[in-house]
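The block underneath contains the structure these notes are about, expressed in structure tokens.
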Amino acid sequence: MDFINALIVLLNYTVIPALTYGSQLALGAIFVTLIYGILRFANFATGDMMSFGTMFAVLLTYYFQSKGISFGFLPTALLTIPFAVAMMIFYMLLIDKTVFSYYRIKKSPPVQLAMVSLGVMFVTQAIIRIIIGPTDRRFLDGEKFILKATEFKEMTGLSEGLTIKSTQVITLVVTVVVVSIMFWFLNKTKTGTSMRAYSDNEDLALLSGIDPKRVVMITWIIAGILATIGGILYGLDKSYRPFVYFNNMLPIFAAAIVGGIGNPYGAFFGGYVIAFAEIFLTYAYKRFFVYLLPESLEPNSLMQLLSTDYKFAISFSILVVVLLFRPSGIFEGKKI
Amino acid sequence: MRQYSNVIAAYSIMLILIILVGVFQSWSIALSIFNYCMISAVMTMGANIQWGYAGLINFGIMGYTALGGLAVVLVSVAPVPEAWSVGGLNMMTSLAIIIGMIFSIRYILKKIQKSKKKTYLIAAIIFIGLILIKLISGPAIEKIEAVEPAKFGFLGGLGMPVLFSWIVGGFFAAGLAFVVGKVALGLRADYLAIATLLIAEIVVSIIKHEDWLARGVKNVIGLKRPAPYEIDLQTSPWFINLVEKFHSTKLAAINSISEKQDLLNQLVIDASSIYVKLCFAGLFLVVVIILLIITQKALYSPWGRMMRAIRDNEEAASAMGKNIVKQHLFIFILGSAIVGIAGAMMVTNDGLFTPGSYRPMRYTFVIWVMVIVGGTGNNFGAILGGFVVWFLWVQAAPMALFVINLFTAHLPETNELRIHLIESAPYFRFLLVGIGLLVIMRFRPQGILPEKIIKQ
């Protein structure tokens with residue numbers, strides 16, 4: 001019994017939150033890695049682009065709520081996804097047309113494109129703050145919990161409760177659906193194959209008649225879908241605040257590089273690596289050990305490896321270690 | 337002289353802009369903008385040495401700035417004897433253990449051949465070391481942080497003059513740059529950018545959360561100053577006399593004695609703040625000029641030519657027998673040290689150390705915009721970039737407010753759009769800086785003052 005209780009504690013406080021957070025990071029990391037692999041630059045506007053898409057979802061949610069439209073027990077924000085994605089894709093294509101395409105055609109070095117993306121970051125951040133302001137916003141409605149701790153205790157008779165938030169399930173389901181469609185698209189369709197070819201060897205791809213404009217456009221469309229959905233899921237689960245989204249760029253970069261930048265599978269995996277590491281290393285294991293160990297051995301400290309203040313620092317340290325020992329990432333990414 | 341005409345023109349325009357702020361807003365604001373412009377200029381020079389001379393991209397400016405600020409606290413604040421007596425010994429032991437760990441790992445790396453045993457040995461040393469440190473420092477940290485937490489709660493510094501801390505700040509930053517350089521310099525440009533960005537985050541999060549070191553997010557206030565304090569000035573007779581003389585015509589026009597006294601008091605208060613800022617401006621100007629002379633000499637020395645050669649063609653430079661790895665590391669340390677000095681200058685100017693305020697937006701990305709806008713590889717350009725971008729960054733909000741008022745003048749005061757726009761005026765600085773960067777990158781990618789190569 002104690003053993004099951006200990007497992008429930010671990011599940012409730014580490015595994016489920018880590019899976020959720022990992023999925024959100026993974027979506028962002030695939031976004032980074034696609035841009036890096038196909039358009040060949042590190043996009044420093046990542047966090048703000050995710051924020052931009054989410055902003056539309058937040059505004060549309062408010063609008064729908066004022067019109068009395070709801071999605072039953074599911075959050076209204078899910079209804080707004082198609083509109084928000086459309087807006088996001090429009091914005092990305094606009095940015096690409098006005099800013100990035102010039103440097104791509106000129107074949108500028110990747111560093112220059114990264115610098116340009118800094119400019120895009122500033123502008124996007126300004127637009128977001130001018131439209132929606134810098135404050136914290138919650139836009140989750142509908143059912144909050146799928147399984148409450150008290151219900152779980154009654155059901156199983158255990159002393160530890162298991163809580164499952166609806167946002168956690170939504171995040172996992174949506175991530176699985178989106179990511180599997182994306183991988184199917186990249187691997188099985190002709191367009192996806194041409195994108196991979198373009199990523200592997202641009203000249204060869206051009207030689208075999210692949211239209212670079214089309215590849216770039218489709219990349220931005222997929223990126224827009226991933227960025228918006230990733231952003232919305234994060235906002236539903238936690239809350240929407242532009243500054244936090246900007247900061248999320250850092251663990252997302254870490255996830256993409258740890259997995260092997262340019263490799264979508266690696267990015268997907270990297271998101272979970274970062275999330276699990278952050279949560280497992282900062283969780284206080286006291287309650288877990290209280291169940292497992294006999295009373296005489298009970299720990300009197302929190303049994304916490306690192307304080308939660310260092311959450312971000314952990315993911316960055318992992319990145320540094322990976323860069324030191326396996327610079328191309330856990331999965332083979334692009335050559336550095 | 338003619339080749340410097342555009343430099344002189346650009347600097348004159350900048351100076352006129354600041355003087356205009358002084359005339360239209362207030363001289364105190366103009367001087368604080370000027371001081372911050374100069375601090376930004378020093379940071380930009382540091383980044384420019386790395387990016388402009390050697391093509392190394394360092395997005396970790398924030399970390400070096402924070403370390404420079406930390407140096408001010410650790411050098412100039414008076415030590416806290418109670419904290420030292422309860423936990424000083426343990427903290428020193430921990431420090432000794434860290435140093436011991438580093439040296440033993442170095443020894444193993446050098447002496448033992450690559451094998452599984454070596455990896456395990458290093459892992460064991462790190463693991464045991466960390467546990468020892470946690471055991472020794474844990475209780476000591478708790479005790480130190482319990483010493484008058486509202487006022488101290490940290491070990492304090494050495495109580496030395498604050499100007500000395502500027503040099504120490506440079507050394508701190510150089511030390512960090514050595515470690516980062518060893519780890520990350522082999523990476524390709526954009527990886528290096530990301531790696532340095534994240535390492536800077538780690539550094540700032542350590543400064544933020546290790547309260548025993550510099551009070552963390554509880555901030556250290558009332559730091560020492562190399563300039564006199566306003567309160568002292570306001571009570572010293574020579575200063576009052578000076579103000580009286582300076583404003584004698586204005587004062588003479590007033591007949592009533594009490595009114596005259598009131599005006600004089602007001603003038604003295606204004607003048608004291610301006611006087612202090614002028615002192616800082618003088619100090620900063622000295623630093624900027626010294627750095628400018630050194631960097632300018634270095635740029636046109638054989639060493640500068642070698643750095644440019646390495647930047648433009650690594651293979652060729654390496655074939656000429658130049659040690660690229662070593663030179664990259666050296667210039668990385670040099671540039672970071674300058675950024676560290678700037679960080680110390682900034683904290684001294686503010687008189688407080690607020691680790692919570694170190695954010696990549698303000699301390700890394702804006703500095704990079706300065707480097708690119710000003711002109712990569714040109715020291716005069718770097719300084720100009722610091723001035724222009726900082727000026728825009730500060731003055732964007734008033735400018736935006738002015739434009740918004742102009743365009744919404746026909747709308748009633750209670751119009752929602754108007755209120756919303758006026759409330760979001762501060763965010764137009766991001767827009768202005770972002771668009772500025774994009775425009776410069778597109779139409780003048782080499783910056784306002786491009787790199788100039790003098791052929792001997």
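As they're listed, the protein sequences go chains A and B.
Using the numbering used here, the letters of the first sequence correspond one by one to residues 1 to 336.
Using the numbering used here, the letters of the second sequence correspond one by one to residues 337 to 792.
Glycine is no exception: its CB is placed at the ideal position from the N, C-alpha and C atoms.
Worksheet item: Taking just the CA atoms, how far does residue 119/A sit from residue 707/B?
Response: 13 Å
Worksheet item: Going by the CB atoms, is the gap between residue 314/A and residue 277/A shorter than 7 Å?
Response: yes
Item to complete: To the nearest angstrom, report how far apart residue 218/A and residue 380/B are at their CA atoms.
Response: 38 Å
Worksheet item: Is any beta-carbon of chain A found at less than 7 Å from that of residue 496/B?
Response: no
Item to complete: Output the boundary residues of the beta strand (DSSP E) element that contains residue 514/B.
Response: That residue, residue 514/B, is in no beta strand (DSSP E); its alpha helix (DSSP H) goes 498 to 520.
Worksheet entry | CB contact check: residue 796/B to chain A, cutoff 7 Å | No answer is possible for residue 796/B: the residues shown for chain B start at 337 and end at 792.
Discussion item. Within 7 Å of any Cβ in chain A, is that where the Cβ of residue 530/B sits?
Written reply: yes
Practice prompt. Rounded to whole angstroms, what's the CA-CA distance from residue 787/B to residue 116/A? Just pull it up for me.
Written response: 20 Å
Discussion item. Considering only DSSP beta bridges, list what residue 168/A is partnered with.
Written reply: Beta-bridge pairing links residue 168/A to no other residue.
Fill in: Close beta carbons around residue 114/A, own chain, < 8 Å, minus the five adjacent residues each side
41, 42, 43 and 44
Discussion item. Would you say residue 40/A lies against chain B (beta-carbon separation less than 7 Å)?
Written reply: no
Worksheet item: With burial defined as no fewer than 16 other Cβ atoms inside 10 Å of the residue's Cβ, what is the status of residue 629/B: buried or exposed?
Response: exposed
Fill in: Beta-bridge pairing of residue 556/B - partner residues as DSSP gives them
689/B
Discussion item. Tell me which residues share the same chain as residue 25/A and place their Cβ nearer than 7 Å to its Cβ, disregarding the 5 neighbours each side in the sequence.
Written reply: 251, 252, 255, 271, 274 and 275
Practice prompt. Name, going along the chain, the residues of the stretch 129 to 143 of chain A whose beta-carbon falls closer than 7 Å to a beta-carbon of chain B.
Written response: 129, 130 and 133
Discussion item. Am I right that residue 556/B and residue 544/B are in contact with their C-beta atoms under 8 Å? What's the rounded C-beta distance?
Written reply: With a Cβ gap of about 13 Å, residue 556/B and residue 544/B do not count as contacting.
Item to complete: Could you work out which residue in 488/B, 387/B, 623/B and 753/B is closest to residue 414/B when comparing CA atoms only?
Response: 488/B
Practice prompt. Could you please give me the residues that DSSP links to residue 21/A through a beta bridge?
Written response: DSSP lists no partner for residue 21/A.
Fill in: Members of the stretch 760 to 782 of chain B near chain A, C-beta cut-off 7 Å
760, 763, 764, 766, 767, 769, 770, 771, 773, 774, 777 and 778
Practice prompt. Measure the C-alpha to C-alpha separation of residue 590/B and residue 730/B and round it to an integer number of angstroms.
Written response: 37 Å
Fill in: Residues that residue 125/A contacts on chain B, provided the C-beta gap is smaller than 9 Å
697, 763, 766, 767 and 770
Fill in: chain B contact for residue 116/A (CB, 7 Å cutoff)
yes
Item to complete: Please report the Cβ distance between residue 671/B and residue 401/B, rounded to the nearest whole angstrom; I am assuming they are in contact, meaning their Cβ atoms lie under 8 Å.
Response: Not really, about 13 Å apart at Cβ, beyond 8 Å.
Practice prompt. Can you pull the chain A residues whose beta carbon is under 7 Å from the beta carbon of residue 393/B, in chain order?
Written response: 111
Item to complete: Give me the Cβ distance between residue 408/B and residue 505/B, rounded to the nearest whole Å; I'm assuming they're in contact under 8 Å.
Response: 7 Å
Fill in: Within 7 Å of chain E by C-beta, residues of the stretch 298 to 322 of chain A in sequence order
Chain labels in this structure do not include chain E; the protein chains are A and B.
Worksheet item: Can you tell which of 404/B, 479/B and 478/B has the C-alpha that lies nearest to the C-alpha of residue 501/B?
Response: 404/B
Worksheet item: By how many angstroms is the C-alpha of residue 530/B removed from the C-alpha of residue 160/A?
Response: 42 Å
Practice prompt. Could you list which residues in chain B have their beta carbon closer than 9 Å to that of residue 284/A, in chain order?
Written response: Within 9 Å Cβ-Cβ: nothing; residue 284/A doesn't reach chain B, min ~15 Å.
Worksheet item: Rounded to a whole number of angstroms, what is the C-alpha to C-alpha distance between residue 511/B and residue 665/B?
Response: 11 Å
Worksheet item: How should residue 4/A be labelled, buried or exposed, when 16 other C-beta atoms within 10 angstroms of its C-beta is the threshold for buried?
Response: exposed
Item to complete: Enumerate in chain order the residues of its own chain whose CB-to-CB distance from residue 690/B is below 7 Å, with the five nearest sequence positions on each side excluded.
Response: 555
Discussion item. So, at 6 Å on beta carbons, what are the nonlocal neighbours of residue 239/A in its own chain, with the 5 sequence-adjacent residues on each side left out?
Written reply: 136 and 138
Fill in: chain B within 7 Å of residue 336/A, Cβ atoms only
For residue 336/A, the pLDDT reaches just 36, beneath the cut-off of 50, and the residue's location in the model is therefore unreliable, leaving the point undetermined.
Fill in: residue 469/B versus residue 445/B - alpha carbon distance
22 Å
Item to complete: Measure the C-alpha to C-alpha separation of residue 521/B and residue 696/B and round it to an integer number of angstroms.
Response: 20 Å
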